[in-house]
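Structure, as structure tokens:
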Amino acid sequence: SQQGEEDPQALSIQEGENATMNCSYKTSINNLQWYRQNSGRGLVHLILIRSNEREKHSGRLRVTLDTSKKSSSLLITASRAADTASYFCATDKYGGSQGNLIFGKGTKLSVKP
Amino acid sequence: KAGVTQTPRYLIKTRGQQVTLSCSPISGHRSVSWYQQTPGQGLQFLFEYFSETQRNKGNFPGRFSGRQFSNSRSEMNVSTLELGDSALYLCASSLREGLRAYEQYFGPGTRLTVT
Numbered sequence: 070s071q072q073g074e075e076d077p078q079a080l081s082i083q084e085g086e087n088a089t090m091n092c093s094y095k096t097s098i099n100n101l102q103w104y105r106q107n108s109g110r111g112l113v114h115l116i117l118i119r120s121n122e123r124e125k126h127s128g129r130l131r132v133t134l135d136t137s138k139k140s141s142s143l144l145i146t147a148s149r150a151a152d153t154a155s156y157f158c159a160t161d162k163y164g165g166s167q168g169n170l171i172f173g174k175g176t177k178l179s180v181k182p
Numbered sequence: 010k011a012g013v014t015q016t017p018r019y020l021i022k023t024r025g026q027q028v029t030l031s032c033s034p035i036s037g038h039r040s041v042s043w044y045q046q047t048p049g050q051g052l053q054f055l056f057e058y059f060s061e062t063q064r065n066k067g068n069f070p071g072r073f074s075g076r077q078f079s080n081s082r083s084e085m086n087v088s089t090l091e092l093g094d095s096a097l098y099l100c101a102s103s104l105r106e107g108l109r110a111y112e113q114y115f116g117p118g119t120r121l122t123v124t
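Top to bottom, those sequences are chains W and Y. Each residue of the first sequence is one higher than the one before, starting from 70 at the first, in our numbering. Each residue of the second sequence is one higher than the one before, starting from 10 at the first, in our numbering.
Put into structure tokens, the structure is as follows:
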């Protein structure tokens, strides 16, 4: 079953613009992670935010977490063509094993040069 | 450090056969998780192994099994293959300390096609 649901399902922007993707989840969590997947390949870990954190930055990435709304957002600033990929949020269930990630269906981002 | 490796990368099998996929985690990582990715169901958790013990299992039939060796390498096996088992199988490794987990690092996946 899907815990996380990303929104939008697809996003098309021009190079240099910012891209924002949202994720909503259903149950309380320990951590929320964002991953990137280039077409048909393995997932690349982008950022992990713990349930007691509200915001985290990594390079051009900014992630926010609102546990009261059970939602998170991923912002990619100054996007590049190389950012074209699918982006997934993944959560674990509070009190459950943190080795069991539940993924959303992903947002497909297309950055046009 | 070398990343997570998975072998083979591609596999074609026929219905009814069985298959074994292999995963070597990042050195020092003791937790290995397996996921199945299909266009229809997305990414779904299969199972997690830590210290040679299965810690968690997803909602998959008993035809899907796995194991972990003392060097943390892991294998998963699918018996009596069905067409619906065609998928990208991803392995991920992570550090683990008690219940606290860290980022999961994924391998490139094994693309299994069942005909």
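Here a beta-carbon is modelled for each residue, glycine too, at the ideal position from N, C-alpha and C.
If we ignore side chains and look at the alpha-carbon of each, how far apart do Gly175 of chain W and Glu61 of chain Y end up?
Near 31 angstroms, if we compare the C-alpha coordinates of Glu61 of chain Y and Gly175 of chain W.
In chain Y, which residues lie less than 9 angstroms from Ile171 of chain W when you measure between Cβ atoms?
Leu52, Gln53 and Phe54
Cβ contact check for the stretch 81-99 of chain W and the stretch 129-147 of chain W: 3 or more pairs under 8 angstroms
yes
Residue-level contact to chain W via CB, Ser42 of chain Y, 9 angstroms cutoff:
yes
Pick from W:Leu112, W:Arg123, W:Pro77 and W:Leu130 that is closest to Asn87 of chain W, judged by C-alpha positions
W:Leu130
Contacts around Leu20 of chain Y, its chain only, beta-carbon distance under 8 angstroms, and the 5 residues preceding and following it disregarded
Val28, Leu30, Thr119, Arg120, Leu121 and Thr122, listed in sequence order.
Measure from the C-beta of Pro117 of chain Y to each C-beta in chain W and report whether the shortest distance is under 9 angstroms.
Pro117 of chain Y counts as touching chain W.
Using CA atoms only, rank isn't needed, just tell me which of W:Ala154, W:Arg149 and W:Asn121 is closest to Ala79 of chain W.
W:Ala154
Short-range partners of chain W found in the stretch 83-100 of chain Y, where Cβ spacing is below 8 angstroms
Leu97 and Leu99
For His38 of chain Y, report the span of its beta strand (DSSP E) as first-last.
It is not in any beta strand (DSSP E) - His38 of chain Y carries neither H nor E in the DSSP assignment.
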